[in-house]
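Residues are numbered in the numbering used here as their position in the sequence shown, beginning at 1, plus a constant of 255.
Notes follow the structure.
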Amino acid sequence: MTQQLLNLADVKLSDDLYGDDNYQILKNLLKQRVNKRRYKHSKGVAKTAKHLAKIYGEDPKKARIAGILHDWDKGLSMDEIRVRARELHVDVSDQVIEDMPWLLHGPTAAAALSQVFPEFGHDVYQAIARHTSGAVDMSPLDCIIYVADIIEPNRTFGDMDGIAKVRKKVGKVSLQKLYFLTFKYNFEFLVASDKQLFPDTVNIWNSLMWKFGQASNWEDAKARHQQLIASASSNKPSSKKELSSKKELSSKKESSHKKEPSSKKESSSKKEPSSKRGSSSKKESLTSKKSSKKKSSSKKSSSKKEASSKHDSKE
Ligand SMILES: [Fe+2]
Ligand SMILES: [Fe+2]
256 MTQQLLNLAD VKLSDDLYGD DNYQILKNLL KQRVNKRRYK HSKGVAKTAK
306 HLAKIYGEDP KKARIAGILH DWDKGLSMDE IRVRARELHV DVSDQVIEDM
356 PWLLHGPTAA AALSQVFPEF GHDVYQAIAR HTSGAVDMSP LDCIIYVADI
406 IEPNRTFGDM DGIAKVRKKV GKVSLQKLYF LTFKYNFEFL VASDKQLFPD
456 TVNIWNSLMW KFGQASNWED AKARHQQLIA SASSNKPSSK KELSSKKELS
506 SKKESSHKKE PSSKKESSSK KEPSSKRGSS SKKESLTSKK SSKKKSSSKK
556 SSSKKEASSK HDSKE
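This is the structure in structure tokens:
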């Protein structure tokens, strides 16, 4: 595999953290890591995330940054992503690392990039980490990246009729409801395609059912849902290095769930000091476009890669 090394700590970002200059820098860096199709998809996700953020009252430029970075590690091979997950101490089970490595590229990207560009903030990296699986306590930005990943206009894989139905709901339902519809689309698609599910999928689905499903006893269901949210949020971030931890990536509070379309601006949209560049000695291994072509070399291996809690492994 051809690899290109680049010291990301040497990358100079503009003080306009989520502005056009930094977006261009990150876009060009991504272009060196992923194949053409992935690059096009990532630009589509960035553009769609920006659009969704405008509609739902979130920070459009922050959403665009999260969108362009969400598949940062997608060009790595399954073996490389396993190694990276262990090196970065991504807190996912051994079962997922060994048997479902295609789910790791979100958490590994968040863990790696948060060390090099911590100024983009926890909420950006949480959204990147969660885009492969979803979560029970999704923030508005988490929802935006998750949804944008599926409905971006360049997507050609999946149940296109199902995706079209989700697209039609943009701006007509709340952001949480849009996330629910997207998660449901994924769930149905994966089951219909005989594909594997992320182990937490059932918990996430049940949580969504307590909010959007046909609960026979709404008060009891709501109480159970609150307990699950509290449990998921019980571990607060203690350091940037631990951003990859599943506990920390679940630390967003339930408050973010209740936004309606265009309800209000995201409180966390304030820019963090750009002086906080961490781990300056860290080097990122940039995988060339060629390396990403290694995947899906046979129908059998492709079939395994496609299995996912979300079908972005086949974007
Ligand atoms: Fe992805
Ligand atoms: Fe993606």
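Where a beta carbon is used, it is the ideal one built from N, C-alpha and C, also for glycine.
Would you give the residue range spanned by the alpha helix (DSSP H) that residue i belongs to?
i      : result
ALA264 : Careful: ALA264 lies outside any alpha helix (DSSP H) and carries neither H nor E.
THR387 : It is not in any alpha helix (DSSP H) - THR387 carries neither H nor E in the DSSP assignment.
LYS427 : Careful: LYS427 lies outside any alpha helix (DSSP H) and carries neither H nor E.
ARG571 : Residue 571 is absent from the structure shown; the chain starts at 256 and stops at 570.
Using CA coordinates, which residue listed in the options is at the minimum distance from residue i?
i      : options                           : result
LEU396 : ASN277, ALA318 and ASP328         : ALA318
SER447 : VAL421, VAL428, HIS377 and ASP414 : The question names Ser, yet the displayed sequence has Ala at residue 447. The option with the nearest alpha carbon to ALA447 is ASP414.
VAL425 : ASP349, ALA403, ARG288 and ASN283 : ALA403
VAL266 : PHE442, LEU436, PHE372 and GLY330 : PHE372
ALA382 : GLU374, GLN370 and ALA364         : ALA364
ALA340 : LEU272, LEU359 and ASP354         : LEU359
LEU331 : ASP346, TRP357, ASP349 and ILE310 : TRP357
PRO315 : LEU430, TYR273 and ASP354         : TYR273
VAL391 : ALA366, GLY361, MET464 and ARG293 : MET464
GLN231 : ASP455, LYS466 and ALA487         : There is simply no residue 231 to check, as the chain begins at 256 and stops at 570 in what is shown.
SER394 : TYR380, ILE405 and GLU407         : TYR380
ARG288 : ILE310, TRP327, ALA304 and ASP270 : TRP327
ILE459 : SER486, LYS291, ASP346 and ASP449 : SER486
LYS309 : GLY468, LEU430 and GLN451         : LEU430
LYS439 : ASP475, LYS477 and SER388         : SER388
ASP271 : GLU474, ILE280 and LYS291         : ILE280
Using DSSP with H/G/I as helix, E/B as strand and the rest coil, what is residue i?
i      : result
LYS466 : helix
PHE442 : helix
TYR311 : coil
LEU358 : helix
ALA321 : helix
VAL379 : helix
MET573 : Because the chain spans 256 through 570 in this model, residue 573 falls outside it and cannot be assessed.
LYS520 : Interpretation of LYS520 is limited by its pLDDT of 40, a score under 50 that renders its predicted location unreliable; no figure is taken from the coordinates.
LEU272 : coil
Within the 8 angstroms Cβ cut-off, does residue i reach chain D?
i      : result
SER369 : Note that chain D does not occur in the displayed structure, where there is just one protein chain.
What is the C-beta distance between residue i and residue j, in whole angstroms, given that I count them as a contact (C-beta under 8 angstroms)?
i      : j      : result
THR437 : VAL421 : 5 angstroms
LYS282 : ILE323 : 6 angstroms
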